[in-house]
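Numbering (this note's numbering), first residue to last: 520 to 666.
Don't be surprised by glycine CBs; every beta carbon is placed ideally from N, CA and C.
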């Protein structure tokens, strides 16, 4: 068994509307509660970071699957959306939508179906998606284009 350990050091000042920092090997940024949630909006926040973790994990997994399947990929990009519900003062991260845009050389109907299957498989096998399963609904809106 191989186990990977990731470390992060965090520091916070003041109360709810304070600010802090996150320091990891490849990440150094300020943090606070976002303006949308009546915070100071300094740096990033847990909502963006959760979306970022889910989106980057999905995109890397998708890229690996497309490469392994030898898809003639011209470009791969993505937009991601995170939806947080606030009901009676309770914040719930409800849903993440991945919107990958896949540009390929030759787009036949068969190739489009194959790429869609790979996009679904990426969501099912992504480590972060699996960690969120049962708590946050994750959907994909895949756009496949012939370049």
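Can you give me the C-alpha to C-alpha distance between residue 583 and residue 525, rounded to a whole angstrom? Within the chain shown, numbered from 1, the residue matching residue 583 stands at position 64. Within the chain shown, numbered from 1, the residue matching residue 525 stands at position 6. Using only the alpha carbons, I get a separation of about 22 Å.
For the beta strand (DSSP E) holding residue 596, just list the boundary residues, first then last. For the purposes of this step, residue 596 is taken as the residue at position 77 of the chain shown. Start and end: 592-606.
Whole runs of the beta strand (DSSP E) within the region 621-662, excluding any shorter than 3 residues: 656-659
Between which two residues does the alpha helix (DSSP H) carrying residue 539 extend? For the purposes of this step, residue 539 is taken as the residue at position 20 of the chain shown. Element bounds for residue 539: not the alpha helix (DSSP H) but the beta strand (DSSP E), 538-543.
Cβ pair residue 676, residue 651 closer than 8 Å: Only positions 520 to 666 of the chain appear in the structure, and residue 676 is not among them; the question remains open.
Could you pull out every residue in the same chain whose Cβ sits closer than 6 Å to the Cβ of residue 594, ignoring the five residues on either side in sequence? Mapped onto the chain shown, residue 594 falls at position 75. Correct list, in chain order: 622.
Ordered along the chain, which non-local residues of its own chain (more than five positions away) have a Cβ less than 6 Å from that of residue 626? The residue given as residue 626 occupies position 107 in the chain shown. Excluding positions up to five away in sequence, the list reads 665.
Go ahead and label residue 579 buried or exposed: buried means 16 or more other beta carbons lie within 10 angstroms of its beta carbon, across all protein chains shown. Position 60 of the chain shown, counted from the start, is the residue given in the question as residue 579. When all chains shown are included, residue 579 counts as exposed.
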